[in-house]
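Asks: Can you keep this structure in mind? I'll have questions shortly.
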Amino acid sequence: MTKPLFVLTERDLAKLSVMMLLSVILFGLSGLVIMIFLQWITRQSYAQDSIDKHGISRVSASRLGGAAIFISWLGLLLAGYRSDYFGDASGGPSGPYWIDWIAVGCCGLLGLVEDLRNNYLSPRCRLYAEFGIFGLAIWVWPVLIPVGLGIPGLDLLMGLPLIGWLLTVVFCVGFVNSINMADGANGLMAGVMTIAFSLFYVSTGEFVYAAMMTACAVFTIFNVISGRLFLGDAGAYGLGASLAISGLYLFYENVFSAAFLACLFSYPCIDFIMTLARRYRAGRSIFLPDNDHLHNRLHYHFQRWLPSKTLANSLTGGLVVASSSGLTAVGYMYQWWPVTSDLWAWLFLFQCIGYWIVFYLTGLGRRNFQYELRL
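Quick note on my numbering: the sequence shown kicks off at 5 and runs consecutively.
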């Protein structure tokens, strides 16, 4: 018999009531059903994330949040199909090009294996599997190879079929791993995903993005308030693959420019590049984890000022999301530039500079823990 992960206290019941109320207000009955499902997931004892393993969290939690999002998403798609609301006239990733959603599912399953049986697959094995999945998907659907980026030299390389295919595969694998690497605070990557799928839906009207937006948003509410459920590797790999493929497709359809997408996903991409450079400079393996990301540094200060561990964790994630993808969403709403314009590169440059400044300032007076991560 499965033993519950934790026992509900009066405080937990109060949080659950608030989460359910917010879900109903924002998403109606579907939000309530998803919230109840997420609560049920946290009551199970399998796929637990140890306190020592997670860089910021100080409470025991389940790693099945990503799997729960996918199940909720599929349920919403089924409900939409039965109600005749599902139907994307433009096709795209949600239409006849099923191979890419199979790729998303394979990436999600790859992460789920790691969630259920930690270190069952070596990092090298997972990396090779990702290359195989994206390599096949992009070979079958080559429209995902981005051409016309407006970058001299790179456009020439992307125009060469084999080189363009290889560079796109490398990008997708790197992007998925950047999502996994940046998923270190309550609501951080879940918030980025919610904003991204929201803008995808508003710009295309495709129900598949509305369903994913709903599932991610309800999860974000649960994750931020309770701190009891993480995306896990299934969420990072599967949802990361979905974002990568959707972004490439929407660029191909001229819905968004590459510069706009760079702003939208600025935090995981900048953090990924900076982390690899930092580890290489320190003479460490770029594949070994550490606790010296920007969100780790922010959390170090918040936990000193705030009495609640969950509040410090969630405030860290919320601040990062607001200053990266959230800022891009504000620019989208107020139409700073057309979403197909390359002028968004200026905002991306601002985000890069801002990341470096905050990373430097938050490191002052903080002991470096990057070599002391307990695995």
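Every residue, glycine too, gets a C-beta built ideally from N, C-alpha and C.
1) Nearest to Pro342 by CA position, among Asn258, Gly209, Ala245, is which residue?
2) Output the boundary residues of the alpha helix (DSSP H) element that contains His303.
3) Which whole-angstrom value describes the C-beta separation of Asp275 and Leu298, a residue pair presumed to lie in contact below a C-beta threshold of 8 angstroms?
4) Distance, Cα to Cα, Ala262 vs Asp346?
5) In whole angstroms, what separates the C-alpha of Ala194 from that of Val147?
6) What is the DSSP secondary structure of Leu125, counted as helix, strand or coil?
7) Could you check the C-alpha separation between Gly386 and Tyr132 for me, to the nearest Å?
8) How about Leu1 and Gly188: do their beta carbons lie closer than 8 angstroms?
9) Please confirm if the stretch 328-339 is in contact with the stretch 194-206, defined as three or more CB-CB distances below 8 angstroms between the two stretches.
10) With C-beta atoms as the reference, is Ile249 less than 8 angstroms away from Val108?
11) Decide if Pro97 is buried, meaning its Cβ has at least 16 other Cβ atoms within 10 Å, or exposed.
12) Specify the secondary structure class of Leu17 as computed by DSSP and reduced to three states.
13) Going by Cα to Cα distance, which pick from Ile361, Ser182, Ala71 is closest to Phe234?
14) Just mark Phe291 as buried or exposed, buried being the case when its beta carbon has 16 or more other beta carbons within 10 Å.
15) So, for Gly321: in the same chain, excluding its five sequence neighbours on each side, which residues have a beta-carbon less than 6 angstroms away from its beta-carbon?
16) Reducing DSSP to helix, strand and coil, say where Leu81 ends up.
17) Within a Cβ cutoff of 6 angstroms, which residues of the same chain sit near Ser207, ignoring the five residues on either side of it in sequence?
18) Is it right to say Thr218 is buried, meaning 16 or more other beta carbons lie within 10 angstroms of its own, or is it exposed?
19) For Trp360, which residues of its own chain have a beta-carbon under 7 angstroms away from its beta-carbon, when the five flanking residues on both sides are left out?
20) For Gly369, count neighbouring Cβ atoms within 10 angstroms of its own Cβ and tell me buried if that reaches 16, exposed if not.
21) Under DSSP, the alpha helix (DSSP H) around Gln339 begins and ends at which residues?
22) Let's test the definition: count the other Cβ atoms within 10 Å of the Cβ of Tyr338 and tell me whether it reaches 16, buried, or not, exposed.
23) Mind checking which residues open and close the alpha helix (DSSP H) that includes Glu257?
24) Tell me the rounded alpha-carbon separation between Gln355 and His303.
25) Between the alpha carbons of Leu351 and Leu265, how many angstroms are there, rounded?
26) State buried or exposed for Glu14, treating a residue as buried only when at least 16 other CB atoms are found within 10 Å of its CB.
27) Secondary structure at Leu158, three-state DSSP: helix, strand or coil?
28) Measure from the alpha carbon of Leu30 to the alpha carbon of each residue in Cys220, Met162, Gly367, Leu243, then state which is nearest.
29) Please state whether DSSP places Ser328 in a helix, a strand or coil.
30) Quick one: what's got a C-beta closer than 6 angstroms to Ser329's C-beta in the same chain, skipping five residues either side?
31) Could you tell me whether the stretch 157-174 touches the stretch 33-45, using the rule of 3 or more Cβ pairs below 8 angstroms?
32) With distance defined between alpha-carbon atoms, name the residue in Tyr241, Val212, Ile229 nearest to Val117.
33) When the Cα atoms are used, what is the spatial distance from Ala141 to Asp104?
34) Specify, as a first and last residue, the run of the alpha helix (DSSP H) that Asp346 falls within.
35) Would the beta-carbon of Ala186 fall within 8 angstroms of that of Tyr271?
36) In whole angstroms, what separates the C-alpha of Ser289 from that of Arg282?
Replies: In terms of the structure at hand:
1) With distances taken between CA atoms, Pro342 lies nearest to Asn258 out of Asn258, Gly209, Ala245.
2) 298-309
3) 6 angstroms
4) Straight-line Cα distance between these residues: approximately 7 angstroms.
5) 28 angstroms
6) coil
7) A question about residue 386 goes unanswered here, because the residues of the chain that appear run from 5 up to 379.
8) Any question about residue 1 goes unanswered here, given that the chain covers just 5 to 379.
9) Because the criterion of three Cβ pairs below 8 angstroms is met, the stretch 328-339 and the stretch 194-206 touch.
10) yes
11) Residue placement at Pro97 cannot be trusted, given a pLDDT of 48 that sits under 50; what the coordinates show is reported in the next sentence. Classification for Pro97: buried.
12) helix
13) That would be Ala71, whose Cα lies nearest to the Cα of Phe234.
14) By the 10 Å Cβ count, Phe291 comes out exposed.
15) Cβ neighbours of Gly321 within its own chain (closer than 6 angstroms, five residues either side excluded): Ala189, Asn190, Gly191, Leu192.
16) helix
17) Val259
18) Buried, by the Cβ-count rule.
19) none
20) exposed
21) No alpha helix (DSSP H) holds Gln339; DSSP gives it neither H nor E.
22) exposed
23) Element bounds for Glu257: n/a, residue is neither H nor E.
24) 19 angstroms
25) 11 angstroms
26) Under this definition Glu14 is an exposed residue.
27) helix
28) Cys220
29) The answer is coil: DSSP assigns Ser328 none of H, G, I, E or B.
30) Val196, Ile199, Leu268
31) No contact exists between the stretch 157-174 and the stretch 33-45.
32) Tyr241
33) 6 angstroms
34) First-last for Asp346: undefined, no H or E at that position.
35) yes
36) 10 angstroms
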